[in-house]
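In terms of numbering that gives the first Met the number 0, the sequence shown is residues 0 to 226. A virtual CB, placed ideally from N, CA and C, is assigned to each residue, including glycine. Take a look at the structure below.
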Amino acid sequence: MQHHTTTWKKGFTALCFLAVAGVSGCDQKTDAATTAQKTEYDGLSESKPLRIDSQAHTVTLLVQINGRFLTDDTRHGIVYKGGSNGHKSLFIGYADPKALYDALKQAGATPGDNMTMENKDATHVAGSKLAMSVNWEGAAKAYSFNDVINDSNGKTLDMRFGGNLQAAQEMKTGCLVCLDSCPVGIVSNATYTYGAVEKRGEVKFKGDASILPPDGTLATVTFKVAD
Numbered sequence: 000m001q002h003h004t005t006t007w008k009k010g011f012t013a014l015c016f017l018a019v020a021g022v023s024g025c026d027q028k029t030d031a032a033t034t035a036q037k038t039e040y041d042g043l044s045e046s047k048p049l050r051i052d053s054q055a056h057t058v059t060l061l062v063q064i065n066g067r068f069l070t071d072d073t074r075h076g077i078v079y080k081g082g083s084n085g086h087k088s089l090f091i092g093y094a095d096p097k098a099l100y101d102a103l104k105q106a107g108a109t110p111g112d113n114m115t116m117e118n119k120d121a122t123h124v125a126g127s128k129l130a131m132s133v134n135w136e137g138a139a140k141a142y143s144f145n146d147v148i149n150d151s152n153g154k155t156l157d158m159r160f161g162g163n164l165q166a167a168q169e170m171k172t173g174c175l176v177c178l179d180s181c182p183v184g185i186v187s188n189a190t191y192t193y194g195a196v197e198k199r200g201e202v203k204f205k206g207d208a209s210i211l212p213p214d215g216t217l218a219t220v221t222f223k224v225a226d
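Okay, here's the thing in structure tokens:
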């Protein structure tokens with residue numbers, strides 16, 4: 000009798016283990032599916048983070064909101080998530096600098112390539128003017144960058160295709176969009192010269208928490224060649 004009882008208990012324990020393992024396996028699949036779903040928005044994904052419309056002269060980039068900079072200041076608008084500055088920007092980008100550079104050229108933008116490490120403090124970035132807008136699921140409309148980024152001086156952003164591909168590849172910061180003129184970022188703001196934010200304290204930038212969605216929300220940023 001004792002032998003049968005022991006065997007039954009062992010069998011029951013084995014069944015319980017298999018049942019738990021089965022549930023765990025299902026949970027893992029569900030988690031994987033959820034993760035995959037979270038990195039897809041508006042037809043873009045981690046494996047396909049850019050959309051180019053050459054006729055409309057637009058490039059659309061998949062990004063994620065970094066909630067830290069809805070309260071803290073930053074000079075980084077968008078940085079590629081794999082770059083050394085990937086945690087310092089309001090928007091975390093899913094494309095690397097070369098991919099964005101090539102896409103903007105394909106859309107008809109011309110790089111300024113006028114910024115160097117030597118002239119950066121006194122030079123306003125040149126290149127094609129870009130009208131930039133942000134959209135996300137549930138947004139009332141596509142908001143311009145000026146709508147969602149607060150300049151402490153109330154000035155308007157003047158976003159330009161600076162170029163800087165060689166510097167971007169050498170520095171590996173991942174900088175895609177800077178909020179003052181930059182010799183490394185692919186796109187930057189000609190309203191201010193380099194150092195206006197962090198060195199000279201002329202201006203502060205942060206995301207507008209009254210408009211932008213919460214930390215971690217996927218969104219798209221569209222660059223339209225304006226001239």
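The way I'd put it, the segment 63-71 doesn't touch the segment 149-165; fewer than three beta-carbon pairs between them come closer than 8 Å.
Per DSSP, D150 is one residue of the beta strand (DSSP E) stretching across 148-150. Distance from the CA of P48 to the CA of A195, rounded to the nearest whole angstrom, comes to 31 Å. In this structure P96 is buried. Its beta-carbon is surrounded by 16 or more other beta-carbon atoms within 10 angstroms.
The DSSP-derived three-state label of R74 is coil. Nearest to V186 by alpha-carbon distance, out of I148, H56, L211, G111, is G111. Between the beta-carbon of L89 and that of H75 there is about 7 Å, and that keeps the pair under the 8 Å contact cut. Contact annotation: the segment 117-126 touches the segment 175-182, with at least three C-beta pairs closer than 8 Å. Listed in chain order, the non-local C-beta contacts of A102 below 7 Å within the same chain comprise L49, I51, V58, local neighbours out to five positions each way being set aside.
In the structure shown, Y100 falls within a helical segment according to DSSP collapsed to helix, strand and coil. Residue environment analysis places G173 among the buried positions, since at least 16 neighbouring C-beta atoms fall within 10 angstroms of its C-beta.
A Cβ-Cβ distance of about 5 Å is found for the pair F222 and L129, placing them in contact under the 8 Å criterion.
Taking the Cα of P213 as reference, the smallest distance to any Cα among Y100, G42, V147, Y79 is reached at V147.
Linking R199 to S46 through their CA atoms gives a straight-line distance of about 39 Å. Assignment of N113 by DSSP, reduced to helix, strand and coil, places it in the coil class.
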